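Enquirer:
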Amino acid sequence: MKKPLVSIIVIVIVIVGVALIYYATRPPEVVPTIKIGVIGPMQYVQGIGHWNGATMAADEINAAGGIQVGEKKMNIELVQADSNEFINITDATNAMERLITNDKVDFIVGGFRTEAVLPMQDIAMENKKIFIGVGAAHNELCLRVAKDYDTYKYFFRGSPFNSSFLGRTSFIHLGTVAAIMKMTLNIPKIKVAIAAEKAMWTEPMIEAAEGVIPKMGMELVGVWRPSPIATDVTAELSAIQRSGAHIIFTVFSSSVGIPFARQAGELKISAVQVGINVEAQKDGFSQATQEMGNYVATLNTYCRSVEYNELTKPFVDGYVERFGETPTYTADTYTAIKYALAPTIEKAGTLDADALVAILENASYMVPSGKVEYLKDAEGNHLHELRWGPGYLTSLGVQWQDGELKSFWPNKWKAVPEAPEVTYKGIVPYKIPPWVVDAYKQ
Amino acid sequence: MALDIIISGLISGSVYALLAIGFSLIFGVARIVNIAHTAFYMVAGYCIYFATHEMGFHPLWGMVAAVILVTLLGMVAYKFLINPIREHEGAVLIATIALAMALQEIMTLIFTGTYLSVPSLIKGYFLILDVKVFYQQLLTFFAALIALGVLWALLMKTRLGLAIRSTAQDREVANLMGINEARVAMITMGISVGLASFTGAIVVPLTILDPLMWMHPLIMMMAVVVLGGLGSLKGSFIGAYILGFAEAIVVFAIPAGAFLKGSVALSIMILVLIIRPEGLFGVTFEEER
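If you read the protein sequences in the order shown, they are chains A and B.
The number in the numbering used here is simply the position in the first sequence, starting from 1, with 199 added.
The number in the numbering used here is simply the position in the second sequence, starting from 1, with 2 added.
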């Protein structure tokens, strides 16, 4: 009688022991996540912007409980990939491959240089992964969607709007500044010099500018094409000064924007700068030019004091508080994740790319820089291209004033005479540099 | 326009001369093709940025610190990286490429790829016959001339200079005459890197700092050295001003082709080499040294 009882007790102890050991050492419960690859040149401001924007979006979404995917809530898990695309485009394609095959991400956001984003786009499309481009502006990226929809439908433009719209906006800024110069300084005919870096994306802009500037009633006095990485442009500036230009229309996305602005400011060149100078969009511009970049104007997406809508301030203030700088347009990975991907996934209730594309391409939604809608081409084919214009995305005309970036455009802007005026909250008047006023006042 | 070209050419030429003479010096003495020469120039720029921006030093002290630190770095690199493989010129070439890339990556890790700048020693500009010239450019021009003058005096008027020149002419014979050739090579490396860092120190306020800033000067410096004749200090000096003026002429003569200034300068180098393969002041055969 005693033996069976002991055996039972031993068996029970063993079973309980095994159960306890299993419980204590069991693998942690796997919480399903949505993996988003963030790709960009992570050692550079552009890539840092990509990562910061994505981090902010993921943290906000996860803190709110995640994304509702059908019956379950899923958190976002970000995977960083350094594309190193400024130095080596092969590194960028390898990084994209790794995100898809190794890290098995569900979606990808980022990319900066068109030359790198085009092959990255091909890899993402082959693998049927939704890729929201945040950085490259070349039209071809979205023209591919219309040309071969079945292959490229997984690509969407996230930011900025395309090169054609960037050009159009810059010409509006040029016209605005020319009108102010003409009125303030009584200059009968404004002379414009084009200073554009030697790069693929600037060619159509120069061609357009050469046609548009005379039509706008201004005189084109010359085109200067420094190298994108030129560090000394005093010779070019001396030549521009001699040409008698009142305005320098800049088309810079590379480092040359810094020495150009710094040396023009230090030499007190009697011409104002307006156009595109990507380096002037960054908070570090003031330090990089040793405060000589004052009065430089450029197209930009965000400015601390300006609100497009009710979403702008929380995003910009939150970003500044967290990262200590104003977001640049590559930080629109925030918009891509929070306002494009997350609501689309919730609406579809699935991570299936085809289902998501069908919803996203017809979506219309507010973002911190305006309202997003995707364009179709003249034949009605989807382009997944951002709509530009009043009521949608317009960007800003910003100017460095006393060491701070201020926005001077849109200020009572009418896209067409019958359209309503557009002025965003926080817009200030454009300022002509005092040495230019001194040079031309009569 | 002619005056613009003269001023612009003199300033660019002075910078190229400083870089090229340092490079020529170590090649002439030790047959070391130091590809990392302009990487030291880049490191000097970052040292000044760190000293002025992060530590709050006056730019002048930043420059002094940069020249000393980078010169020491160059000598350490020579001692541990180049000297052990000095007899294998190909290996030295590859080692210095690796060193340059390593320095670039280290600077990227520390400072990221963000474009940075340092303040000028003297702010502002003045007019020479209606041409605006930065004070810093004038400073660069005179600093280059002074540095070149000091180097000339060192080489021609001192015992060390005699040893350097002797070693440059014939290493074996210099060794037989009791000159410690390895020590001379190391000192020459120090002077060479010192010149690179000095160039970085005086040029960096005129330019921007980024980890890739060493590449363009490297190409131009190599072009100057080849144009002037490998190992010839006089050739490097004259070659530097030829390319400096060529660049300035391109910018003023064809504004829309300003980006071609480097290419035109390199084309001039190729043209000279077709006519005179040994360069302007080079020797035809190695045995003639």
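Just so it is clear, CB atoms sit at the ideal spot from N, CA and C, and this is done for glycine as well.
A quick note: this is a predicted structure, and the numbers were derived from the prediction, not measured.
Look up A:N580 in the DSSP assignment and give the residues it is bridged to.
Expert: Answer is none; A:N580 lacks a bridge partner.
Enquirer: Following the continuous alpha helix (DSSP H) through A:R356, name the residue where it begins and the one where it ends.
Expert: Unbroken run through A:R356 is the beta strand (DSSP E), 354-358; no alpha helix (DSSP H).
Enquirer: Counting only C-beta atoms, is B:S119 closer than 7 Å to chain A at any point?
Expert: Chain A contact via Cβ: present.
Enquirer: Please list, in chain order, all residues of the same chain as A:A554 whose beta carbon is under 7 Å from its beta carbon, the five residues on each side excluded.
Expert: Only A547 meet the Cβ criterion.
Enquirer: Looking at the unbroken beta strand (DSSP E) that takes in B:I130, where does it start and where does it end?
Expert: Per DSSP, B:I130 belongs to the beta strand (DSSP E) from 127-130.
Enquirer: Three-state secondary structure (DSSP) at A:M273?
Expert: Correct three-state label for A:M273: strand.
Enquirer: Tell me whether A:Y623 sits in a helix, a strand or coil according to DSSP, three-state version.
Expert: Coil, per DSSP.
Enquirer: Between the region 565-573 of chain A and the region 328-338 of chain A, do at least 3 Cβ pairs fall closer than 8 Å?
Expert: They do not touch, by the three-pair rule.
Enquirer: Measuring alpha carbon to alpha carbon, tell me which of A:I446, A:A263, A:E409, A:V515 ends up nearest A:Y639.
Expert: Nearest option by C-alpha distance: A:I446.
Enquirer: Taking a Cβ distance cut-off of 9 Å, strictly less, list which residues of the region 430-450 of chain A are near chain B, in chain order.
Expert: Of all residues in the region 430-450 of chain A, T430, D431, V432, T433, A434, E435, L436, S437, A438, I439, Q440, R441, S442 have a Cβ within less than 9 Å of some Cβ in chain B.
Enquirer: Thinking C-alpha only, which one of A:V477, A:T232, A:Y629 is nearest A:L277?
Expert: Nearest option by C-alpha distance: A:T232.
Enquirer: Assuming B:V205 and B:V66 are in contact, meaning their beta carbons sit under 8 Å apart, how far apart are those beta carbons, in whole angstroms?
Expert: 16 Å between Cβ atoms; not a contact.
Enquirer: Select from B:L157, B:M158, B:I28 the residue whose C-alpha is nearest the C-alpha of B:L95.
Expert: Of the listed residues, the one whose Cα sits closest to B:L95 is B:I28.
Enquirer: With 7 Å as the threshold, decide whether the Cβ of B:G115 is near any Cβ in chain A.
Expert: Chain A, which has a Cβ nearer than 7 Å to the Cβ of B:G115, makes this yes.
Enquirer: Could you have a look at B:E290 and say whether DSSP puts it in helix, strand or coil?
Expert: Only weak support exists for where B:E290 lies, its pLDDT of 43 falling under 50; the value from the coordinates is given anyway. If DSSP states are grouped into helix, strand and coil, B:E290 belongs with the helices.
Enquirer: Assign A:K271 to buried or exposed, taking buried as 16 or more other Cβ atoms, counted over all protein chains shown, within 10 Å of its Cβ.
Expert: With fewer than 16 other Cβ atoms within 10 Å, it is exposed.
Enquirer: To the nearest angstrom, how far is the alpha carbon of A:P387 from that of A:D601?
Expert: Each residue's alpha carbon lies about 29 Å from the other.
Enquirer: Just tell me which of B:L12, B:V31, B:S119, B:L83 has its CA closest to the CA of B:M44.
Expert: Nearest option by C-alpha distance: B:S119.
Enquirer: Can you find a C-beta in chain A that's less than 7 Å from the C-beta of B:S265?
Expert: Not an interface residue.
Enquirer: So with Cβ pairs under 7 Å, would you call A:W599 a contact of chain B?
Expert: Answer no: the Cβ-Cβ gap between A:W599 and chain B never drops below 7 Å.
Enquirer: Evaluate contact between the region 218-236 of chain B and the region 67-76 of chain B, counting only Cβ atoms and requiring at least three cross-stretch pairs below 8 Å.
Expert: The region 218-236 of chain B vs the region 67-76 of chain B: no contact.
Enquirer: Kindly indicate the opening and closing residues of the alpha helix (DSSP H) around B:W154.
Expert: Element bounds for B:W154: 137-159.
Enquirer: Using Cβ-Cβ distances below 8 Å, what residues of the region 484-496 of chain A are close to chain B?
Expert: So the close ones are Q486, A487, T488, Q489.
Enquirer: How is A:K611 classed by DSSP in three states: helix, strand or coil?
Expert: If DSSP states are grouped into helix, strand and coil, A:K611 belongs with coil.
Enquirer: Cα separation between A:T289 and A:G239?
Expert: Roughly 13 Å between the two C-alpha positions.
Enquirer: Quick one: does A:Y243 have its CB under 7 Å from some CB of chain B?
Expert: By this cut-off, A:Y243 is an interface position.
Enquirer: Taking only beta-carbon atoms, is A:V422 less than 7 Å away from chain B?
Expert: It does; some Cβ of chain B falls within 7 Å.
Enquirer: In three-state terms, what does DSSP make of A:E520?
Expert: Three-state result, A:E520: helix.
Enquirer: What does the alpha-carbon distance come out to for the pair A:A377 and A:I389?
Expert: Distance between the alpha carbons of A:A377 and A:I389: 7 Å.
Enquirer: When the distance is taken between beta carbons, is A:G357 closer than 7 Å to A:A535?
Expert: Cβ distance < 7 Å, so A:A535 and A:G357 count as in contact.
Enquirer: Leaving out five residues on either side along the sequence, give the residues of the same chain with a beta carbon under 8 Å from the beta carbon of A:T622.
Expert: Correct list, in chain order: P609, N610, K611, W612.
Enquirer: Within the continuous alpha helix (DSSP H) that includes B:K263, where are the two ends?
Expert: Per DSSP, B:K263 belongs to the alpha helix (DSSP H) from 263-277.
Enquirer: For a contact meaning CB atoms closer than 7 Å, what does B:D212 contact in chain D?
Expert: Protein chains A and B are contained in the structure displayed, whereas chain D is not.
Enquirer: Any idea if A:I214 is buried or exposed, counting beta-carbon neighbours within 10 angstroms, 16 or more meaning buried?
Expert: A:I214 comes out exposed.
Enquirer: Below 8 Å on the Cβ atoms is my guess for A:L419 versus A:E409; work out the distance and round it to an integer in Å.
Expert: At roughly 6 Å, the Cβ-Cβ gap stays under 8 Å, so A:L419 and A:E409 are in contact.
Enquirer: My guess is that A:I247 and A:M241 are in contact by the Cβ rule of under 8 Å, so how many angstroms apart are they, rounded?
Expert: At roughly 7 Å, the Cβ-Cβ gap stays under 8 Å, so A:I247 and A:M241 are in contact.
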